[in-house]
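Peer 1: The sequence shown: position 114 = 121 (my numbering), numbered continuously. In this text, a Cβ means the ideal position worked out from N, Cα and C, and glycines have one as well. Given the structure is predicted, the values throughout are model-derived calculations rather than measurements. Sending over a structure as structure tokens; questions will come in a sec.
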Amino acid sequence: MRMAKDKTDKSGLTSAQTRRFKGVLLAKRNEILGNVTSMESEALRRDRSELSNMPTHMADIGTDNYEIDNVLGLMDSERKILAEIDDALRRIEGGTYGICEGGGEQIPRQRLDAIPWARYCVSCATLLEKGLLGGKDDNDDDQSYREEPIDET
């Protein structure tokens, strides 16, 4: 008796592959949430414990400010990746995961293996970085914003 072959969707991924990517995305999401929570609690704990022992030397104040800025930058970066992961999970649920938002073609599986939250194929991502392709504005806080895909007809 032959086993039924797992069919691929318009992204070229089988349902098993899509489930695997969903698992990878959820695991990465949990890892990042843990990192952000840890950074936040460490920063708060440090602030509280050092209130009574404020540094008096300018170099100490500068070092503390640098460390706080560094943690805030890391947290911001992690939050942006979380937003991308959440969006990728929505694309999985909506059936558009693995489809390039720039040109509508399949994103190669190797790219998804490397960056499971990728929303563009390599060529469209390159165009986006050069400002030659409309896309999600990194400075836009509205996570639902997207430019329309390029119509190549």
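#1: Please list, in chain order, all residues of the same chain as Arg176 whose beta carbon is under 6 Å from its beta carbon, the five residues on each side excluded.
#2: When you compare each of Val43, Leu79, Gly141, Ala95 to Thr25 by their alpha carbons, which one comes out closest?
#3: Give the DSSP bridge partners of Ile106, in chain order.
#4: Roughly how many angstroms lie between the CA atoms of Ile75 and Val31, to the nearest whole one?
#5: From which residue to which residue does the alpha helix (DSSP H) around Leu135 run?
#6: Among Gly138, Gly110, Gly41, Ser130, which residue has its Cα nearest to the Cα of Ser18?
#7: Report back the beta-carbon spacing between Leu89 and Met46 to the nearest angstrom; my notes put them in contact at under 8 Å.
Peer 2: Concretely, from the data shown:
#1: Because residue 176 is not part of the residues shown, which for the chain are 8 to 160, the question remains open.
#2: Ala95
#3: Gln113
#4: 30 Å
#5: 129-136
#6: Gly110
#7: The Cβ separation is near 13 Å, so there is no contact.
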